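What follows is a single structure, written as structure tokens, with notes after it.
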């Protein structure tokens, strides 16, 4: 196969997870997720106007100045839609992918370079990384830091130290993991035998800026109930580096991460011994991934080794694995780069199934949360990971769910009378007596199919709440002798509702459910 044809084919392979990720973003929740509320609340006054001083606040110990401004601007001018942040993360990830491709050594064959790029694409856009895109606030925070981070490595590889330092400063203004880049660009300058100032300047900034950050660092991370030893930290580091090679088991991630870490250490040590200037950026990329894992271990070890499997930390193993592949390819010329890259593509994507499913399961509760915000159900708002204080800010900015994009469903409107109601026996409210600002849940099926929407009406038939349908109820498969596993729903209603009942919609008709469990 010619190089041109191989490049085209492998480019198509690299595009596959990107296309799937865009689809995943568009089917995620419109409403943003937990961290978004704290960012917006910190950056605004109660009426939604910008609070410049709030931009300088740290978030769980991280100097997230640029993401905070981006999230406020998105809420103020683009409607506060999670899809926008998810698509922004896709674009930022594509920039990272392009930069990594440009960093690839020219002595590799065309086929090897495009095979590695395909592997990078699957590492960036794999199923395990869905949290970065489906939960847009998470991905945007990390990728706003990653883009200047990889650019800094590219600039440092070219000897452009000033540009590299500016890029690192931008990364540090996005997320704390950017601080790990200061010693790395100094190391790259040393490997390249650059001028002494190019080695010393990043280290001076590290001492000054990093020291100031360390002195102001505060985090609400969980404290371990037991005394910790070095093995606890090591297991989190290894588990983070190996998370993409585990389905859902921390043991497998720790084992895989140990292999990745040891091999990477061996290749980096060999590069340092030879003072390998040509591939210095890839040495830096691998070390950055490891250092991010170290930072995660230091701040999150109290949560146990399972925290290493969190999808939000997927950037660290991606960087480490990408660097490992490239360093192996250049230092072990006999390595079958194409085969190894395709194994990475297929295996890591398949192994992310469990985590991707868990992320998609979050979307239904977001639908309940947006209704809770509309009806003032403060207890439910807090239960579902937001804060009542953000509601007035969203209203002031006309940010979702307080704009025309919101709808309660069933062709109804909050505060208006529902249409004619039929009685439905194939469904029930399982959660007990219907009360406002409390969990209301159950199941319903019409003509053997899940319902389209759910409402809560008061005694006068006025719509006072709603929620999400299509929630998993595998317990009904046997009880109803059905193949439909998503017959569940959850709703919330205005506090103090009287004479409430639950209404579901199907095929344009509305049906009232009995309040007594029927299955």
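Numbering (this note's numbering), first residue to last: 167 to 685.
Ideal Cβ placement from N, Cα and C applies to all residues, glycine included.
A quick note: this is a predicted structure, and the numbers were derived from the prediction, not measured.
If you draw a straight line from the alpha carbon of residue i to that of residue j, how long is it in whole angstroms?
i: residue 565; j: residue 504; result: 47 Å
i: residue 589; j: residue 415; result: 47 Å
i: residue 622; j: residue 256; result: 37 Å
i: residue 612; j: residue 597; result: 20 Å
i: residue 670; j: residue 184; result: 36 Å
i: residue 647; j: residue 181; result: 41 Å
i: residue 394; j: residue 463; result: 12 Å
i: residue 267; j: residue 279; result: 7 Å
i: residue 559; j: residue 206; result: 8 Å
i: residue 545; j: residue 603; result: 6 Å
i: residue 425; j: residue 409; result: 12 Å
i: residue 539; j: residue 592; result: 30 Å
i: residue 431; j: residue 483; result: 14 Å
i: residue 285; j: residue 508; result: 7 Å
i: residue 500; j: residue 171; result: 22 Å
i: residue 364; j: residue 352; result: 7 Å
i: residue 340; j: residue 222; result: 11 Å
i: residue 108; j: residue 200; result: Residue 108 is absent from the model: the chain starts at 167 and stops at 685.
i: residue 520; j: residue 338; result: 32 Å
i: residue 420; j: residue 225; result: 28 Å
i: residue 536; j: residue 639; result: 22 Å
i: residue 552; j: residue 653; result: 26 Å
i: residue 701; j: residue 275; result: Since the first and last residues shown for the chain are 167 and 685, residue 701 lies out of range.
i: residue 675; j: residue 413; result: 43 Å
i: residue 594; j: residue 634; result: 15 Å
i: residue 685; j: residue 620; result: A caution first: residue 685 carries a pLDDT of 36, below 50, which makes its placement in the model too unreliable to give a value.
i: residue 312; j: residue 262; result: 7 Å
i: residue 320; j: residue 265; result: 7 Å
i: residue 371; j: residue 557; result: 40 Å
i: residue 325; j: residue 346; result: 19 Å
i: residue 515; j: residue 252; result: 19 Å
i: residue 677; j: residue 541; result: 22 Å
i: residue 481; j: residue 466; result: 16 Å
i: residue 624; j: residue 511; result: 53 Å
i: residue 391; j: residue 469; result: 9 Å
Residue i and residue j look like a contact to me (Cβ under 8 Å); what is the Cβ gap, rounded to whole Å?
i: residue 405; j: residue 423; result: 6 Å
i: residue 236; j: residue 310; result: 7 Å
i: residue 460; j: residue 547; result: In fact, because the Cβ distance is near 36 Å, the residues do not count as touching under 8 Å.
i: residue 344; j: residue 315; result: 6 Å
i: residue 356; j: residue 369; result: Wrong, their Cβ atoms sit about 10 Å apart, outside the cutoff.
i: residue 407; j: residue 427; result: 5 Å
i: residue 196; j: residue 570; result: Not a contact, Cβ separation roughly 12 Å.
i: residue 550; j: residue 534; result: 6 Å
i: residue 630; j: residue 659; result: 5 Å
i: residue 433; j: residue 479; result: Incorrect: roughly 23 Å between the Cβ atoms, too far for contact.
Quick check on the burial criterion: 16 or more other C-beta atoms within 10 angstroms. Buried or exposed for residue i?
i: residue 567; result: buried
i: residue 667; result: buried
i: residue 283; result: buried
i: residue 662; result: exposed
i: residue 523; result: exposed
i: residue 665; result: exposed
i: residue 176; result: buried
i: residue 456; result: buried
i: residue 359; result: exposed
i: residue 656; result: buried
i: residue 327; result: buried
i: residue 189; result: exposed
i: residue 673; result: exposed
i: residue 239; result: exposed
i: residue 228; result: buried
i: residue 213; result: exposed
i: residue 502; result: exposed
i: residue 362; result: exposed
i: residue 191; result: buried
i: residue 679; result: buried
i: residue 477; result: buried
i: residue 381; result: exposed
i: residue 436; result: exposed
i: residue 218; result: exposed
Are any of the Cβ atoms in chain B nearer than 8 Å to that of residue i?
i: residue 664; result: Judged by its chain identifiers, the structure shown contains no chain B, having just a single protein chain.
So does the region 437-454 actually touch the region 489-502, counting three or more Cβ pairs closer than 8 Å? yes
With a floor of 4 residues, list each alpha helix (DSSP H) that falls wholly inside the region 464-548, ordered by position along the chain. 481-497, 503-517, 519-526, 529-541
Given 8 Å as the limit, is there contact between the region 241-251 and the region 292-303, that is, 3 or more CB pairs closer than that? yes
Tell me whether the region 638-657 and the region 579-589 touch, counting them as touching only if at least three CB pairs, one residue from each stretch, are closer than 8 Å. no
Every unbroken alpha helix (DSSP H) within the region 170-257, with a cutoff of 4 residues, ordered by chain: 200-209, 231-243
Three or more C-beta pairs under 8 Å: does that hold for the region 287-296 against the region 465-474? no
Starting from the N-terminal side, write out each stretch of the alpha helix (DSSP H) that is 4 residues or longer and does not extend beyond the region 312-348. 327-338
Can you list the beta strand (DSSP E) stretches of 3 or more residues lying completely in the region 581-621, in chain order? 587-589, 593-595, 606-612
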